[in-house]
Each structure stands twice: as C-alpha cells, then as structure tokens.
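One structure is given below, encoded as structure tokens.
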Amino acid sequence: IMANGTVKRIVSDRGFGFIADEEGKEFFFHLSGLGSGLAIESLREGDRVTFDTERSDRGPRATNVALAE
Numbered sequence: 002i003m004a005n006g007t008v009k010r011i012v013s014d015r016g017f018g019f020i021a022d023e024e025g026k027e028f029f030f031h032l033s034g035l036g037s038g039l040a041i042e043s044l045r046e047g048d049r050v051t052f053d054t055e056r057s058d059r060g061p062r063a064t065n066v067a068l069a070e
C-alpha cells in the first residue's frame with residue numbers, strides 16, 4: 002500500500018528512523034528500506050516522503066521510501 006508521510010525522527014548512526022503517515026500512525030524504516038539512490042544522510046526530519054507499508058514481526062514498517070515530488 003503506497004502512503005504519504007513525514008519523516009519524524011532519524012537515528013542515522015544506527016541506520017533507522019520513523020515516518021508518520023497522514024493520520025499520524027508511525028512506521029519504522031531501516032536504511033535497507035530506502036528507495037534506490039536515497040541515502041539516510043540525505044533525509045531530514047520534516048521531509049515529505051512516499052512509502053510502501055508492510056507488516057513485520059515488530060509492527061508496521063515503511064519500505065521503498067522516497068522523497069515526495
């Protein structure tokens with residue numbers, strides 16, 4: 002499911018962060034879930050992003066994260 006959201010928090014030294022969708026639900030993302038060509042160092046808190054969602058054993062996760070156009 003493609004969703005829109007905002008980067009809420011980034012822990013770049015550990016390679017993960019959190020995105021809030023338009024309803025405020027938070028999704029974990031790992032640097033392995035970033036879209037091609039996107040580095041975690043190029044993301045900033047408050048950036049608008051698009052992402053796919055999937056369930057993981059630890060809850061909802063964002064994959065294919067990309068900066069919104």
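Numbering (my numbering), first residue to last: 2 to 70.
Ideal Cβ positions, reconstructed from N, Cα and C, are used throughout, including at glycine.
Span separating the alpha-carbon of residue i from that of residue j
{"i": "Asn65", "j": "Ile2", "result": "11 Å"}
{"i": "Phe30", "j": "Ala63", "result": "5 Å"}
{"i": "Lys26", "j": "Arg49", "result": "15 Å"}
{"i": "Phe19", "j": "Ser33", "result": "13 Å"}
{"i": "Thr7", "j": "Ala69", "result": "9 Å"}
{"i": "Leu39", "j": "Lys9", "result": "17 Å"}
{"i": "Glu46", "j": "Arg59", "result": "23 Å"}
{"i": "Glu24", "j": "Thr51", "result": "14 Å"}
Span of the beta strand (DSSP E) around residue i
{"i": "Asp22", "result": "Phe17 to Asp22"}
{"i": "Glu55", "result": "Arg49 to Ser57"}
{"i": "Ala40", "result": "Premise fails: Ala40 is in no beta strand (DSSP E) and is neither H nor E."}
{"i": "Arg62", "result": "Gly60 to Leu68"}
7 Å Cβ shell around residue i - same chain, five flanking residues per side excluded
{"i": "Glu42", "result": "Ser13"}
Top-ranked residue by Cα proximity to residue i, from the options
{"i": "Arg56", "options": "Glu24, Asn5, Phe28 and Ala21", "result": "Phe28"}
{"i": "Ile11", "options": "Ala4, Arg59, Leu35 and Glu24", "result": "Leu35"}
{"i": "Ala67", "options": "Thr54, Ser37 and Pro61", "result": "Ser37"}
Own chain partners of residue i with C-beta closer than 6 Å, once the 5 adjacent residues on each side are dropped
{"i": "Asp22", "result": "Ala4 and Gly6"}
{"i": "Phe17", "result": "His31"}
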